[in-house]
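Chemist: In the numbering used here, the protein residues as written are 6 to 123.
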Amino acid sequence: MEKTGRSAVLKIGNHKFVLSEPEVLGLVREQVAERDPKKFVANIDHLSFLYEDVEPAFYGAKANNYNIIMEPRKLMFYDKPTPYTFCTLMSPDNLQIELKEEEGRVTGRKMYKDVLVK
6 MEKTGRSAVL
16 KIGNHKFVLS
26 EPEVLGLVRE
36 QVAERDPKKF
46 VANIDHLSFL
56 YEDVEPAFYG
66 AKANNYNIIM
76 EPRKLMFYDK
86 PTPYTFCTLM
96 SPDNLQIELK
106 EEEGRVTGRK
116 MYKDVLVK
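1. Are three or more beta carbon pairs between the region 25-33 and the region 50-70 nearer than 8 Å?
2. Using alpha carbons as the reference points, say which of Glu60, Tyr64, Val23 and Glu7 lies closest to Glu107.
3. Ordered along the chain, which non-local residues of its own chain (more than five positions away) have a Cβ less than 7 Å from that of Pro86?
4. Rank Gly109, Gly65 and Met6 by C-alpha distance to the C-alpha of Leu94 and give the top, closest one.
5. Compare the Cα-Cα distances from Phe91 to each of Lys43, Asp58, Val33 and Ala13 and report the closest residue.
6. So what does DSSP say about Pro97, is it helix, strand or coil?
7. Given a threshold of 16 other Cβ atoms within 10 Å of its Cβ, counted over all protein chains shown, does Phe63 qualify as buried or as exposed?
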């Protein structure tokens, strides 16, 4: 991760993510629409991050006073545990963030010709 002023650049796999304060993008903070987590918006709905172990990230967010929606829990399917553990929190600007863990997987999946390959 590179951090410069009020922006951070993350490179994850072959993808670059730039996270910036509104002013860095030439926006006026007071003119940026407030997010209402109870109202669906067709554009970005949430961000999700995959971790080898979700709990340190969760407890780090909790220690930094993020609004916790759901603590880490194992996803169940027909009363049976799946390999997935996830939790949900809100960013300071009310964007929903999901932290996920899938037992045995720490890298992204690859897509080839619209076929999902592990």
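Yeah, the Cβ is synthetic: ideal placement off N, Cα and C, and Gly gets one too.
Modeler: Answer, in terms of the structure:
1. no
2. Indexing the sequence shown from 1 puts residue 107 at position 102. The shortest C-alpha separation from Glu107 is found at Glu60.
3. Along the sequence shown, read from residue 1 onward, the residue named residue 86 stands at position 81. Closer than 7 Å at Cβ, skipping near neighbours: Lys79.
4. By one-based count along the sequence shown, residue 94 stands at place 89. Ranking Gly109, Gly65 and Met6 by Cα distance to Leu94 puts Gly65 first.
5. Locating residue 91 in the sequence shown gives position 86, where the first residue counts as 1. Taking each of Lys43, Asp58, Val33 and Ala13 in turn and checking the Cα distance to Phe91, the smallest one comes out for Asp58.
6. The residue given as residue 97 occupies position 92 in the sequence shown. Here Pro97 sits in coil by DSSP.
7. Walking along the sequence shown from the start, residue 63 turns up at place 58. Buried, since its Cβ has 16 or more Cβ neighbours within 10 Å.
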